[in-house]
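Peer 1:
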Amino acid sequence: MAPANTQTIALANKKGGCGKTTTTVNLAAACAELGKRVCVLDIDGQCNMTTGFGLNVDQHLEDGKHTVLDVYLAKRRASDICVPVSGPDRQERFNGRVRIVPGHRQLAYLKSQLDGELAATMARSDVSALDEDDIKTEQRLRLKKSIDSLRGDFDLVLVDTPPDLGFLTTSALIAVDWLLIPVFPSGYDLDGLKQLITLRKKVAERYNPSLNIIGVVLGNVDVKANLDN
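Per the numbering used here, the very first residue in the sequence shown carries number 1024; after that it's consecutive.
Below, the structure is given as structure tokens:
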């Protein structure tokens, strides 16, 4: 893949353990080896992608650096807070071609924090009930505005999402050009796949008409099984 401009991809599936994080890490590394500039964002509260790239979240915070939580709560630009992927010796890996906006464990409580922000805003005397939908929309668009700051500086932007179809995953689908779906060939995964495709359609209708599915990545395939085929 040799994009003429920045391509943004969210890797999503409602079900956990289907290879989202593994696919994100390896896709980023492979594209970097091909000479592409890649930025990855970890919006899963488990922070597995962040640690998978060797970044210690606790030390990162102790050093006073920002995470993807600041994208949602402080409206930080991803271009301002992404950091190089480095090894234990602090040397940049992948020839400096991969940067990361690290995850934060408090992402699990983000929605309640945003609801509190909404309630505080709605309590002001100059705000009416008619403004509530606009405020919720603005919150959903924060990740998109942050990711847009990366366009032109990177060939590829990858977003690793949590194993659900809630606020974080929805905001990722609003923010990107493409949806890539890692999936294991099982009945449970197929049910989640149907729900994800329904969500993609709703996001395309309301927020992001250019959002398309770039493909489905099958993991743990047994070619002898009927369901796998």
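Note that CB positions come from ideal geometry on N, CA and C, so glycine has one too.
This one's a predicted model, so the numbers in the text were calculated from it and none came from an experiment.
What residue from 1043, 1209, 1242, 1081 has the CA that sits closest to residue 1125's CA?
Peer 2: 1081
Peer 1: Give a yes or no on whether the C-beta atoms belonging to residue 1229 and residue 1194 are separated by under 7 Å.
Peer 2: no
Peer 1: Pull up the CB-CB distance for residue 1101 and residue 1062, whole angstroms please, since I reckon it's below 8 Å.
Peer 2: 7 Å
Peer 1: Going by DSSP, name the residue or residues bridged to residue 1115.
Peer 2: 1109
Peer 1: Report buried or exposed for residue 1090, applying the criterion of at least 16 other Cβ atoms within 10 angstroms of its Cβ.
Peer 2: buried
Peer 1: Just the Cα atoms here: how many angstroms apart are residue 1025 and residue 1181?
Peer 2: Confidence at residue 1025 is low in this model, with a pLDDT of 46, below 50, so the placement of that residue is unreliable and no value is reported for it.
Peer 1: If I measure Cβ to Cβ from residue 1207 and keep anything under 6 Å in the same chain, skipping five residues before and after, which residues do I get?
Peer 2: 1041, 1242, 1243
Peer 1: For a quick check, are the C-beta atoms of residue 1066 and residue 1199 less than 7 Å apart?
Peer 2: Cβ atoms of residue 1066 and residue 1199: not closer than 7 Å.
Peer 1: Going by the beta-carbon positions, is the gap between residue 1035 and residue 1144 smaller than 7 Å?
Peer 2: Contact flag unset, no.
Peer 1: For the alpha helix (DSSP H) holding residue 1219, just list the boundary residues, first then last.
Peer 2: 1210 to 1229
Peer 1: Can you give me the Cβ contacts of residue 1231 inside the same chain, cut-off strictly under 6 Å, excluding the 5 residues immediately before and after it?
Peer 2: 1197
Peer 1: So which of 1237, 1192, 1201 has the shortest CA-CA distance to residue 1218?
Peer 2: 1192
Peer 1: Within this structure, are the beta carbons of residue 1166 and residue 1127 separated by less than 7 Å?
Peer 2: no
Peer 1: Helix, strand or coil for residue 1200? Go by DSSP, reduced to three states.
Peer 2: coil
Peer 1: Assign residue 1160 to one of two classes, buried (16 or more other C-beta atoms within 10 Å of its C-beta) or exposed (fewer than that).
Peer 2: exposed
Peer 1: Suppose contacts are defined by Cβ-Cβ distances below 7 Å. Is residue 1188 in contact with residue 1133 by that definition?
Peer 2: no
Peer 1: For residue 1108, count neighbouring Cβ atoms within 10 angstroms of its own Cβ and tell me buried if that reaches 16, exposed if not.
Peer 2: buried
Peer 1: Within the same chain, show all residues whose beta-carbon is closer than 6 Å to that of residue 1117, passing over the 5 residues directly before and after it, in chain order.
Peer 2: When the five nearest sequence neighbours on each side are left out, the beta carbons in the same chain lying within less than 6 Å of the beta carbon of residue 1117 are those of 1055, in order along the chain.
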